[in-house]
Amino acid sequence: MFVHRLVGLVTACCLCTVKGRYMPLNISRGPVDGMINVHIVSHTHDDTGWLKSVDQYYFQEVRYILDTVVDSLLNEPYRKFNYVEMAFFSRWWEDQSPRRKEAVRRLVHEKRLIFLNGGWCMHDEAGPLYTEMIDQTTRGHQFILKEFGPDAAPNATWQVDPFGHSNTQASLLSAEAGMPALFWGRMNENDRNVRRKNKGLEYIWEGSYSLGSSSQTFAGELWGVTGGGSYMCPFNFEFMQYDHDGIQDDPRRHDYNVQEFVEKAVQKAIDQHKEYRTSHIMWACGMDFNYHNADTWFYNLDRLMHHARMDGRINLFYSSPADYTQAKNRDQEEDWEIRQDDLMNLKERDHAYWTGYFSSRVAFKRLLRKSSNLLTVGRQVQFLTKNQYLQATTEHVPPVVGSTWTDAFESSIAVATHHDGVSGTAKQAVNDDYAQRISESQVLVEAGIQQGLNTLLHEGKHEDKEFVFCQQLNISVCDFTTASSETGFTVTAWNPLAHKLEDYQFQIPVRVDKDGLGFEVFVTGTDIINTKAQLLPLDSRTKELPLLYLNWYGLSKNQADTELQKLKNHATHNLVFSGDLPPLGAASFIAKPSRAKVAKNKDNFKTEYSNGVYSVTLNSKTHAVERIKNLETGVETSLDLQWGWYESNEGGKSSTGDANSASGAYIFRPQTSTFHYPGRKKSEIVETQVVSGSLVTEIRQKISPWASHVIRLKKGTPYVEIEFTAGPIPLSNEWLEDHPKAGKHLGKELALRYKTSLASRSTFYTDSNGREMMKRVRNQRPASYPQPFDFHDEPIAGNYYPVNSMIALEEPGEAQMCIITDSTQGGTSLRDGELELMVLRRVLHDDAKGVGEPLNETMCGCNGKNDPTCLCHGLAVRGTHKIILDTPENANAMRRKLNLATQFEPLVFFSSLSSENSRVLSYSALNDALPDNIRLLTISQNYAAHQKGATLIRFEHIYAVDEHPEYSKPVHICLQEVFAKHGTIAEVVETTLTANRRIEDKPTFTWKTDLASQTKPKFETVPLNQTRFILNPMAIRTFLVKFDQGFTELS
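Each residue of the sequence shown is one higher than the last, beginning at 1 in the UniProt record's numbering.
Written out as structure tokens, the structure is:
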């Protein structure tokens, strides 16, 4: 055998010597019938923040990746490369010369540099609302359109690194965004194992039961290296990161190994082909920040393709996910499975459920939610005033895509929707960088809104009134109103919804130093009308929250006392009043100190309290909540609010020797199922204070120093509000006398349980990024998963799901309880009648998923375990849960409206009183409010400069099919009537979701499937008729609208 091999090598060497070393490569350019066709998708996955900030990644890695990739593409005409993250590409693009840009445009035109997904980043799918997912994808797509034209629009997407996949991603951010193919690198282990056996790793995903087959997406998991998923292929040529051999195909030299690579490629292709349908398979050749020196990849891939072609058993060629999908679609012999459930939650393996990140960095999740609302208001005000530029000299923070003062803020929010951003899985320093970017760019938006309000509220006559935006109203901190309490101030609220908000209740911090001093509040407009007001004294828990921000490192006691005095909240009360807010507009109110009578609070304890719609009953002995009743319909249930925490598992080895994950930023893994009381021994009587008045009743209950809530009953509101305050979670556990780790530091994961008597039959529902509700059954997975699904390893963590805005349970035909959250949290129902939401995590071990540090947040924004200069309190958060209890039909009607009003609440500004008779007008951009089931989702001129002056407008139907007998009906809308105040509409073009191509150009596929398993849309989509259209349930329709302002026609 040795002699024969030697002869073969000598012969090959002689041939090469005679012919010379140069050998033209024979690279396949596409599929070949009768062979296994391997689509090589060369790519890099570039996180816009994770272990480093987005700018650090760019300057240290990505700029060199893109430089060398472009050079390598220009060297050979058959090479292709796929790129995702426009936040990076746009940075690189701004640094290129005109000549270089022209060369890159040719690569894009020739479909050799391919934009895949094309979002500003690769967003998370568990943390953001659909609005944030749309916005960041739109920003990336608009950059591509602006620089490369509509032909460069992505035709496929992949979400290779997120940790679970939502139905909203499949239907809305794939099919409706013109990318009807979706691929990923992670899925449930049990699901994958079964699908590998039956060739079911790819299927047709109908992500919306409302849109049905009209939003089908070809979807599947990438095979990876050995079939276990991931966005790598069987080969890695990133020699700068990995110690791998490259291909050596010169037989004159030592270590000749090309045939070994060919044999490996053939075997891997055969193995993968056994698990996939048709003759086409795909290899994602790349990984995180790969192609630093792109030649190492392309040189080796070129030779692998050439020698495999010479071998003749498989066909390898450069491709893209879009080309791969087209090849799959051409084979009409296959019957494809229809899948309609989601890929949440992610079980990697036993004891490794990726459900912790649903509640990781909840404060940052809330910041992103509130910032998204501020962006919505900024866009609206900019459109209404047509003021693209601020009067002061300003500079956008690069990279620039749009032309208005919202652009930098859009960029900051878009970067933060990254799957290691809003997910809460980046390092602390990187999370701080996300927050800093939002804060810096927010200043410009606030200034723009201020200028806009000065115009809109004074009938077009611009004034220079200063409006102050207080960002800590949720903890009753506003220095401006507190300091202005003796003179009075104006409250101006902007309603971003196209519906009138009636009796919206405000709570404004004020200082009342003198006995008998109260406040009068006046509604302003053509007539000034006095309205009711109530003063609520601040509780001690609220007053202590600002003091938690102090970092004690390096401070003497006197210095610390000085700093604490600066942090002190000088407000004493919240001024409560109600007022109506016009649709898509603003109203103003004047608050003045007065000796007039103010509604007095009653502090005497009763067992039942009511707001006229709901009553809440407390136990006469323990003072604990025990019952809630809807007074209008008579629906009632017992209710017990239970605080508790799970001990975080510290990881280590299992009995079988396998490494088990700790509970960390990604993974939720409780040590036991014990729901520990948050503090020392549970008191028999709940510490309770009741403050009751004419507008609101607050039942304030302190469970422990780090777990408290206020049950708020606002007069006439169709819900009960629970305002919770969680943290700082202590590290020590001295009170756990019987615990084996008593006195040691333990990670704790704090949750709030709502225990009722509703017979929910193991079933509950969670929303998909704020859209359709997903049915969840305890200890089960939907029908498309292998059955039965085993939860024995983690019965708590395995039943947790992301709750972006709503979680509900129902006693069929009788009652439904729905909880509206103000930001994303993890949620579950572990027993019938119970809903549980995890509101804060403080874990002390890393879960070995890459971030490399524990999730140990503090009020100072530093990591409390790894940073010796971080002498800070642990993080404390405040949020709200709004409870609806009603018949199922009524609850379905109310929850959508309340959810919309919660996520996109009025934005409140303050200003000084200019004179005793100061009058500020109200304003509405609409003649008439939109129907309750319709939302004006987007109105933006940020991209008008490259859209020939057109305004981007989206309308949304907020109800799902069959969710409600009335509200789930289609609605007729006339754009001209909606915008009658803003002139005549000259032209309307309907587009895809991200406004990067006309709707008629949206890519679609027809797949051979089992027709019986498809969901036929209940309502047919009717094309736009001039300015009139029909909005079906759950539909979002996007338009480019030109008003009669002299712009050239849209092409």
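For glycine and all other residues, C-beta sits at the position ideal for the given N, C-alpha and C. Values in this document were obtained by computation on a predicted structure and should not be read as measured data.
Inter-residue CB distance, residue i and residue j (contact presumed, cutoff 8 angstroms)
i	j	result
H141	A153	7 angstroms
A945	G727	Contact flag wrong, Cβ pair sits at about 45 angstroms.
Y324	E772	Wrong, their Cβ atoms sit about 29 angstroms apart, outside the cutoff.
P496	R91	Not a contact, Cβ separation roughly 31 angstroms.
A893	P583	With a Cβ gap of about 19 angstroms, A893 and P583 do not count as contacting.
G693	Q534	4 angstroms
Y614	L713	7 angstroms
A665	L855	5 angstroms
Proximity below 9 angstroms, CB of residue i to CB of residue j
i	j	result
G164	R195	no
W336	T1009	yes
P546	V468	no
I819	L830	no
L907	N373	yes
D342	S768	yes
H45	V160	yes
S940	T406	yes
V401	W494	no
T994	A177	yes
L731	G864	yes
N236	M287	yes
N329	T1006	yes
N82	I114	yes
L25	R303	yes
T168	G770	yes
Same chain only: Cβ atoms within 8 angstroms of residue i, ignoring 5 sequence neighbours per side
i	result
L975	I953, I985, V988, T1027, R1028, F1029, F1039 and V1041
T656	Low confidence applies here, because T656 scores a pLDDT of 41, under 50, leaving its location unreliable; read the following figure in that light. Around T656: no qualifying Cβ.
R895	M806, A808, C818, I820 and I884
R366	D822, S823, V877 and G879
Same chain, Cβ closer than 7 angstroms to residue i, five either side skipped, listed in chain order
i	result
M240	H292 and N293
F148	R105 and V108
V3	Any reading at V3 must be qualified, since the residue scores a pLDDT of 34, below 50, and its modelled position is unreliable; the value itself is stated next. Within the same chain, V3 has no close Cβ partners at all.
V510	T481, T482, S485, F519, A571, H573 and L575
Q825	F358, S359, V362, V803, L837, M838 and V839
Y276	K199, L201 and E202
N917	Since pLDDT at N917 reaches only 43, below the 50 mark, its modelled position is unreliable, and the value read off the structure follows with that caveat. No residues qualify anywhere along the chain.
D255	Q248
Sequence-distant residues of its chain with Cβ nearer than 6 angstroms to residue i (five each side left out)
i	result
P162	D124, E125 and H419
F298	S72 and R79
C872	N551, T858, M859 and C860
N257	Q248
T869	Y553
message: For a minimum of 3 consecutive residues, which ranges assigned as the beta strand (DSSP E) are wholly contained in the segment 287 to 332?
response: Counting only runs of 3+ residues, the beta strand (DSSP E) found wholly inside the segment 287 to 332 occupies 314 to 318, in chain order.
task: Run through the segment 823 to 874 for me and flag every whole beta strand (DSSP E) of 3 or more residues, listed as ranges in chain order.
output: 825 to 828 and 834 to 842, all fully within the segment 823 to 874.
- prompt: Are at least three pairs of beta-carbons, each pair with one atom in the segment 823 to 841 and one in the segment 190 to 205, less than 8 angstroms apart?
  reply: The segment 823 to 841 is not in contact with the segment 190 to 205.
query: On the three-pair Cβ rule with 8 angstroms, is the segment 794 to 806 touching the segment 350 to 367?
result: yes
- request: Can you check the segment 887 to 929 for any beta strand (DSSP E) of at least 3 residues that lies completely inside it and give the ranges in chain order?
  value: 907 to 912
field: the segment 264 to 274 contacting the segment 317 to 334, beta-carbon criterion three pairs below 8 angstroms
entry: Too few Cβ pairs lie closer than 8 angstroms, so no.
- prompt: Any chance the segment 424 to 434 sits against the segment 846 to 860, with 3 or more Cβ pairs inside 8 angstroms?
  reply: yes
query: Hey, is the segment 698 to 716 in contact with the segment 535 to 549, meaning 3+ C-beta pairs nearer than 8 angstroms?
result: Taking 8 angstroms as the limit for Cβ pairs, the verdict is that the segment 535 to 549 does touch the segment 698 to 716.
query: Is there contact between the segment 57 to 66 and the segment 433 to 445, where contact requires at least three CB pairs shorter than 8 angstroms?
result: no
field: beta strand (DSSP E) runs wholly inside the segment 44 to 98, at least 3 long, in chain order
entry: 81 to 83
field: the segment 732 to 748 contacting the segment 636 to 649, beta-carbon criterion three pairs below 8 angstroms
entry: yes
query: Which runs of the beta strand (DSSP E), 3 residues or longer, sit entirely within the segment 141 to 226?
result: For the segment 141 to 226, whole beta strand (DSSP E) runs of length 3 or above, ordered along the chain, are 157 to 159, 181 to 184, 202 to 206 and 216 to 221.
task: Count the CB pairs spanning the segment 132 to 146 and the segment 114 to 124 that are closer than 8 angstroms, and state whether there are at least three.
output: Yes, since at least three Cβ pairs between the segment 132 to 146 and the segment 114 to 124 fall closer than 8 angstroms, the two stretches touch.
message: If we require 3 or more residues per run, which beta strand (DSSP E) segments fall completely within the segment 516 to 546?
response: 518 to 523, 529 to 531 and 533 to 537
message: Could you tell me which whole alpha helix (DSSP H) segments of length 4 or greater appear in the segment 469 to 523?
response: 479 to 483
- request: Run through the segment 602 to 679 for me and flag every whole beta strand (DSSP E) of 3 or more residues, listed as ranges in chain order.
  value: 608 to 610, 614 to 618, 625 to 630 and 636 to 647
Whole runs of the beta strand (DSSP E) within the segment 760 to 819, excluding any shorter than 3 residues: If we require 3 residues or more, the beta strand (DSSP E) runs fully inside the segment 760 to 819 come out as 763 to 767, 773 to 777, 801 to 803 and 806 to 811.
task: Could I get the ranges of all uninterrupted alpha helix (DSSP H) runs contained in the segment 999 to 1027, with 4 residues as the minimum, in chain order?
output: none
- prompt: For the segment 683 to 737, which segments carrying the beta strand (DSSP E) assignment without a break, of at least 3 residues, lie completely within its bounds, in sequence order?
  reply: 687 to 692, 696 to 704, 707 to 714 and 720 to 726
- prompt: Between the segment 605 to 614 and the segment 625 to 632, are three or more C-beta pairs nearer than 8 angstroms?
  reply: yes
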